[in-house]
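**Student:** Next up is a structure, given as structure tokens.
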């Protein structure tokens, strides 16, 4: 689903998972983007199994919290491998790479997912209000030299947008072109379009209709350029923006073909000579009065802003960097340059607030500021709230909770013991905490 070779493999993952499979298979580790995408494309209940999870112990519980049902670890043989001794480095019972502390955590997670299975499953009941466009057209329609690449410009931007949205206290899912044509866009308050350069014209029209009816569309540059046959789209004429110039500020360098674990040959893709620019937001209803200082990286577009559109941010040279177009009851936010993940997080935090994305529990530092790489989610049950926190960073994070209810106590379901509602929570690097909030009884 997420490589340059998707257009030549003949594999339609969306068709498989939504109409054919009885079990969804996803081999992963690290980022939770994969399971989130599988669930978004499936649109039905089924087990999501990982037959060969590889990665670190810190990946285990987040993968379950994002919907995996069962995982088989790579790998746990009955005895050391004498034929290929180098493989023992990945064999958990015999590996010199896995410290005993990690083995302890692995066994603890294995017990916790059984003991706390209902609590873990409860988070899947939260309906996302934000979706990222998964464009099959932009995956298939790639230059020939990228068909064996491990990534593409569209897929790289999709990953950056996903990471930028991960730490904003709200679930983010995906929406496909097929789902948009089925009218499913109306389920979401915000849709993010990550450099989807090629789109069928009917999908582009459906997204404009979504905005007309009150949706918010956040568009990375190079989106909506052509249809699936490389014919120009008229998207920009309809949102009052003209692209005067696009500077090729990013060159991609491909590595040598290397055989992957699935026997395919792929090339790494690295950018060289990538330009960076600073962006400062202007006071506005959408992005607030306090200015944001953002960092852009990659191509730079020179925009002319027409009627119905307004500048929300500028480059240091005064050129428009973010433009808002009001259409019907909704809005399009167009970026003249891609942002880094942390800058996307800052921008999307303001957009989510303006779009009234439901975030009943806020996870911040002691001063109320966002903590980069700390993921938090909440779900309300009949008599209590459940929270989880994941520290994806490599330093300890101190987290303050802003709760929507008066709480009697907080119970750490993994460590055991109670905490006072006002207590700060120290999250170790890679740690995942699961917390129950007991509400004060109503008089």
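Residue numbers (my numbering): 68 to 510.
Ideal placement from N, C-alpha and C gives every residue a C-beta, glycine not left out.
Source: prediction; values computed, not measured.
How is residue 79 classed by DSSP in three states: helix, strand or coil?
**Tutor:** Counting from one through the chain shown, the residue named residue 79 turns up at place 12. Residue state, collapsed to three classes: coil.
**Student:** Give the straight-line distance between the Cα atoms of residue 259 and residue 142, rounded to the nearest whole angstrom.
**Tutor:** Numbered from its first residue, the chain shown carries residue 259 at position 192. Numbered from its first residue, the chain shown carries residue 142 at position 75. Near 37 Å, if we compare the C-alpha coordinates of residue 142 and residue 259.
**Student:** Tell me whether the beta-carbon of residue 275 lies closer than 9 Å to the beta-carbon of residue 302.
**Tutor:** Counted from its first residue, the chain shown places residue 275 at position 208. Counted from its first residue, the chain shown places residue 302 at position 235. Their beta carbons are under 9 Å apart, which means residue 275 touches residue 302 by this criterion.
**Student:** Around the Cβ of residue 312, are there at least 16 other Cβ atoms within 10 angstroms (buried) or fewer (exposed)?
**Tutor:** Here residue 312 corresponds to residue number 245 of the chain shown, with the count starting at 1. By the 10 Å Cβ count, residue 312 comes out exposed.
**Student:** Using the C-alpha atoms, what's the distance from residue 309 back to residue 498?
**Tutor:** Along the chain shown, one-based indexing puts residue 498 at 431. Along the chain shown, one-based indexing puts residue 309 at 242. Roughly 47 Å separates the two Cα atoms.
**Student:** Taking the alpha-carbon of residue 436 as reference, which of 442, 458, 467 has the nearest alpha-carbon?
**Tutor:** One-based indexing of the chain shown puts residue 436 at position 369. When each option's Cα is compared against that of residue 436, the closest is 467.
**Student:** Could you check what DSSP says for residue 360 in three-state terms: helix, strand or coil?
**Tutor:** The count along the chain shown starts at 1 and reaches residue 360 at position 293. Residue 360 falls in the strand class under three-state DSSP.
**Student:** Quick check: residue 126 and residue 97, are their CB atoms within less than 9 Å of each other?
**Tutor:** The residue you call residue 126 lines up with position 59 of the chain shown. The residue you call residue 97 lines up with position 30 of the chain shown. Contact flag set, yes.
**Student:** List the residues that DSSP assigns as beta-bridge partners of residue 313.
**Tutor:** Counting from 1 along the chain shown, the entry for residue 313 is found at position 246. Looking at the DSSP assignment, residue 313 forms a beta bridge with 368.
**Student:** Nearest to residue 472 by alpha carbon, out of 505, 434, 483?
**Tutor:** For the purposes of this step, residue 472 is taken as the residue at position 405 of the chain shown. Measuring C-alpha to C-alpha distances from residue 472 to each of 505, 434, 483 identifies 505 as the nearest.
**Student:** Strictly by DSSP, which residues pair up with residue 283?
**Tutor:** Here the question's residue 283 lines up with position 216 in the chain shown. BP columns for residue 283 point to 257, 398.
**Student:** Express the C-alpha separation of residue 188 and residue 266 in angstroms, rounding to a whole number.
**Tutor:** One-based indexing of the chain shown puts residue 266 at position 199. One-based indexing of the chain shown puts residue 188 at position 121. Distance between the alpha carbons of residue 266 and residue 188: 35 Å.
**Student:** To the nearest angstrom, how far is it from the Cα of residue 234 to the Cα of residue 460?
**Tutor:** Taking the first residue of the chain shown as 1, we reach residue 234 at position 167. Taking the first residue of the chain shown as 1, we reach residue 460 at position 393. If I take the Cα positions, the gap works out to 11 Å.
**Student:** With burial defined as no fewer than 16 other Cβ atoms inside 10 Å of the residue's Cβ, what is the status of residue 160: buried or exposed?
**Tutor:** Taking the chain shown and counting its residues from 1, the one referred to as residue 160 is at position 93. Residue 160 comes out exposed.
**Student:** Using the beta-carbon count (16 or more within 10 Å), is residue 418 buried or exposed?
**Tutor:** The sequence position of residue 418 within the chain shown is 351, counting from 1. Answer is buried; the Cβ neighbour count reaches 16.
**Student:** Please classify residue 343: is it buried, with 16 or more other beta-carbons within 10 angstroms of its beta-carbon, or exposed?
**Tutor:** For this step, residue 343 is matched to residue 276 along the chain shown. So residue 343 counts as exposed.
**Student:** Can you round the beta-carbon distance between residue 477 and residue 485 to whole angstroms, since I take them to be within the 8 Å contact cut?
**Tutor:** Within the chain shown, the letter at position 410 stands for residue 477. Within the chain shown, the letter at position 418 stands for residue 485. Sure, about 7 Å apart at Cβ, within 8 Å.
**Student:** List the endpoints of the continuous beta strand (DSSP E) containing residue 193.
**Tutor:** Here residue 193 corresponds to residue number 126 of the chain shown, with the count starting at 1. Note, residue 193: premise wrong, no beta strand (DSSP E); not H, not E.
**Student:** Could you tell me how far apart the beta carbons of residue 277 and residue 253 are, in whole angstroms, since I believe they sit closer than 8 Å?
**Tutor:** The residue labelled residue 277 in the question sits at position 210 within the chain shown. The residue labelled residue 253 in the question sits at position 186 within the chain shown. Contact holds; Cβ gap of about 7 Å.
**Student:** Which class does residue 510 belong to by DSSP, given the choice of helix, strand or coil?
**Tutor:** Counting from one through the chain shown, the residue named residue 510 turns up at place 443. Summary for residue 510: the model assigns pLDDT 47, below 50, so the residue's position carries little reliability; its value from the coordinates is reported in the next sentence. If DSSP states are grouped into helix, strand and coil, residue 510 belongs with coil.
**Student:** Is the segment 221 to 237 touching the segment 186 to 202, taking contact as three or more C-beta pairs under 8 Å?
**Tutor:** yes
**Student:** Using 9 Å as the threshold, is the C-beta distance between residue 172 and residue 137 below it?
**Tutor:** Numbered from its first residue, the chain shown carries residue 172 at position 105. Numbered from its first residue, the chain shown carries residue 137 at position 70. Their beta carbons are not under 9 Å apart, which means residue 172 does not touch residue 137 by this criterion.
**Student:** With distances taken between CB atoms, is the gap from residue 270 to residue 248 smaller than 9 Å?
**Tutor:** Here residue 270 corresponds to residue number 203 of the chain shown, with the count starting at 1. Here residue 248 corresponds to residue number 181 of the chain shown, with the count starting at 1. Yes. Within cutoff.
**Student:** Going by beta-carbon coordinates alone, are residue 406 and residue 390 separated by less than 9 Å?
**Tutor:** Locating residue 406 in the chain shown gives position 339, where the first residue counts as 1. Locating residue 390 in the chain shown gives position 323, where the first residue counts as 1. No, the Cβ-Cβ distance between residue 406 and residue 390 is not below 9 Å.
**Student:** Residue 486 bridges to which residues according to DSSP?
**Tutor:** Counting from one through the chain shown, the residue named residue 486 turns up at place 419. Residue 486 is bridged to 477.
**Student:** Tell me the rounded alpha-carbon separation between residue 349 and residue 361.
**Tutor:** The count along the chain shown starts at 1 and reaches residue 349 at position 282. The count along the chain shown starts at 1 and reaches residue 361 at position 294. For residue 349 and residue 361, the distance between alpha carbons rounds to 12 Å.
**Student:** Assign residue 138 to one of three DSSP states: helix, strand, or coil.
**Tutor:** What you label residue 138 is simply residue 71 of the chain shown in a count that begins at 1. Strand at residue 138.
**Student:** Compare the Cα-Cα distances from residue 322 to each of 148, 376, 334 and report the closest residue.
**Tutor:** Stepping through the chain shown from its first residue, residue 322 is reached at position 255. Looking only at 148, 376, 334, the smallest Cα-Cα distance to residue 322 is reached by 334.
**Student:** If we require 3 or more residues per run, which beta strand (DSSP E) segments fall completely within the segment 209 to 277?
**Tutor:** 239 to 243, 257 to 260
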